Structures are given as C-alpha cells and as structure tokens.
Amino acid sequence: MHQKKRSTPPSEARAVRRHHTIEHALGEALAQHGVVLAPKASGRFERFDAPDKPKGNGNGWYRIHSSQAASFGIWHLDVAETVTLAGPSNPEAAAHAQLEAMRERERRDRERQQRQARAAEQARRWWAQAAPANPGHPYLDRKRLPSYNLRQRGDMLLMPLFFEGELVNLERIFPDGSKRPLPGGRVKGVASLIGSLDGAERVLVAEGWSTAAALHEAMGCPVVVARNADNLAPVARRLRQRFPEMDITICGDDDRHLPAQGLTNKGRIAARHAALATDARLLMPSFCAGCETCTDFADTRLCWLGGGRG
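Quick look at the structure:
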C-alpha cells in the first residue's frame, strides 16, 4: 500500500529557501517595487533612485545586515521591509529597520540643510558683488534678449533664485548656454522673476530664463522663471497661494523631439499638470510648418526675427 504524498501547504512553501544569496533575495524584493539594481553587501546604508521620481532623487535605501538578512525602504512611499533567505521577515526586524531608516533620513536632512545654508550665503555674497550683465554677453547676443534681472560674475550670467522671498541660490548661465545652480543649493520650489508683481493682473510661469524673457518682451506682464519642467507645479502652487485671484498662465515647453526617441513629452505634460493643479491657463508655442528644432517661445521668437534658434 502506497502512502499518498502530502502536498506542501502554501505557508510552508513560502518558507522554502528560494535564493542562493541575500543579494539575490534583496534584488528580487526591490524589483517588485520597480527598482532594478544589483545590491552590494557594504554593511552601510546605500541609496537608490525611486522609479517614480526624477533622476538623482535618492529616495530609496537598502542595507545588507548579514548573509541572511537585509532591509530596504522608499521614504516618500513610506515603505520599509526586511528580506531574509528563508522567507518573510518578522515584524520586530521590520520595525528596527524602519527606525534605522528614520535616523538615516534625519541625518541626511541635516546635512542637506547645512549645504543649502552655505550655498545661500554664497549666493547672497556673489549677488551683492556682481556687476550689471553685459548686453554683449555671448548668451544674450545669441538669444537677442535684454539682460532684464541678470547680473554677471566673470563670464557667468547670474539669475537670482528665491524661496519664500529669500535669495537662496543662483543659476549660473555660461557663454555656451549651459546652466547650473550653485552646488548644494536649494532647487525645489525656487523661482526668479522678470518684471514686477505689484499691481499685476496677470502673471506667466515659464521654465527657463530665455523663454520668460521672450514672453515678457512680447506681452509686457511679469513672468516667473521656474527653471525646469519639474518645478513648474511647485512654483505655480506657491504663486496661487500668494495670489488666489490672480490670472495665472503656465507657458510650457514643447519637448516634441522626445517622443521620437521613445520618451514622453515632458515639457507639455508638466505644463498641463501645473495648469490643472493651480486652476491656471495653459499656453503652448506654435511652430512654423516644417520646423523640427524649436521647442519653446524663445526659439519661436528667434525664428520670427529671422535669426534661427539661439
């Protein structure tokens, strides 16, 4: 008489070891959250980019504690889990991992605030020492725009960046057109302004300085410079909080070249999102028939002037 083979209950099946190494187990657990990387057993907190945030966000962390256990988390999603070779982790280990992650995040926040404070001090010092922008600077000459709110230090144009009314950073515009904020300075939610908001009935919000300058020249109303697509919504929200009755128009870039590369049109999507989030109007550039290079209002202005894209 043959004894019937007992099937393994699901609870026992989960306890069967499925991985040869803790690195493999951790990598598989991370993949379930859309994170693709090869974990390393350094024994320290390692950071990674959360997949639903811009590149460089560093919102995820992991730590391999031993050859048998590891933990990981994604701060903005309030995710904290532990992983073992044998299967699911216990609640005590998960709570301990979350506590360690909170301490690590507090340390990172303190360091970030210190870097931002140093950058803000440098920004105020440089701004006070800077000369008026040279109208013949290569960038301004190429864009065929006045200097408006810019100053100059050496060959760099300086655009002031404010947060809650305080100068906290500078965007450096180099002769070749590349732009970089001061290292370590605050970038989220910061903005610059061309024109004055005093008594204004309408304000525009644009990504870059040249786009904002072109719009200000053409329409005469104040234009807030948000720096990039990711900053459009945060800047527009603060503007709406400050001026609840203001007529706000989001003027987006049309990154129409990106879909051809298999990417999304980030400028158009971000502008639409910012407009919807703040009950604002949306204005997008129109292009000449056959034009394949222009993406923003500064580009179309140059085309209209006959100078080509700057």
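So for the sequence shown, the working numbering puts the first residue at 524; every next one is plus one. No residue lacks a Cβ here, since even glycine has one placed at the ideal position from N, Cα and C. No experiment lies behind these values; they were computed from the predicted model shown.
Residue range M679 to F686 is occupied by the beta strand (DSSP E) that includes F685. Here T607 carries a strand assignment [DSSP, helix/strand/coil].
Nearest neighbour of M807 by Cα position, chosen from Q637, N692, G583 and D819, turns out to be D819.
C-alpha of V559 to C-alpha of H660: approximately 44 Å in a straight line. V728 is not a Cβ neighbour of I696, given a cutoff of 8 Å. Rounded to whole angstroms, the gap between the alpha carbons of L738 and L622 is 49 Å.
Taking the C-beta atoms as reference points, P683 is found no nearer than 8 Å to L668.
Note that the C-beta distance between A714 and A749 is below 8 Å. If you ignore the 5 residues before and after S590, its C-beta comes within less than 6 Å of the C-beta of I545, all in its own chain and listed in chain order. Around the CB of C811, fewer than 16 other CB atoms lie within 10 Å, so the residue is classed as exposed.
The criterion of a C-beta distance shorter than 8 Å is satisfied by R760 and T801. I597 sits away from P562, with the two beta carbons spaced by 8 Å or more. Out of L799, R570 and A554, the CA that lies nearest to the CA of A624 is found in R570. The DSSP-derived three-state label of G596 is strand. In this structure, V747 sits near V726, with a CB-CB distance shorter than 8 Å.
Around the CB of S733, 16 or more other CB atoms lie within 10 Å, so the residue is classed as buried.
In the displayed model, T823 falls within a helix according to three-state DSSP. DSSP places K711 outside any alpha helix (DSSP H), giving it a letter other than H or E. Selection A642, G566, R648 and L673 evaluated against P655 yields L673 as nearest (Cα-Cα). Here DSSP, grouped into helix, strand and coil, assigns P655 to strand. The Cβ-Cβ distance between E724 and D770 falls below 8 Å.
DSSP, reduced to helix, strand and coil, places G583 within a strand of the structure shown. A distance of 8 Å or more separates the beta carbons of A640 and L681. C-alpha of T607 to C-alpha of G583: approximately 19 Å in a straight line. Rounded to the nearest angstrom, the gap between the Cα atoms of R638 and G708 is 7 Å. If you check the CB distance, Y671 and A741 do not come in under 8 Å. With a contact defined as Cβ atoms closer than 8 Å, F595 and A552 qualify at about 7 Å. Per DSSP, the unbroken alpha helix (DSSP H) holding E740 starts and ends at W732 to M742. According to DSSP, K563 shares a beta bridge with no other residue. The C-beta distance from L716 to A646 rounds to 15 Å, too long to meet the 8 Å contact threshold.
About 7 Å separates the beta carbons of A642 and P706, which is inside the 8 Å limit, making them a contact pair. Looking at the backbone, the Cα of L828 and that of P658 are separated by about 18 Å.
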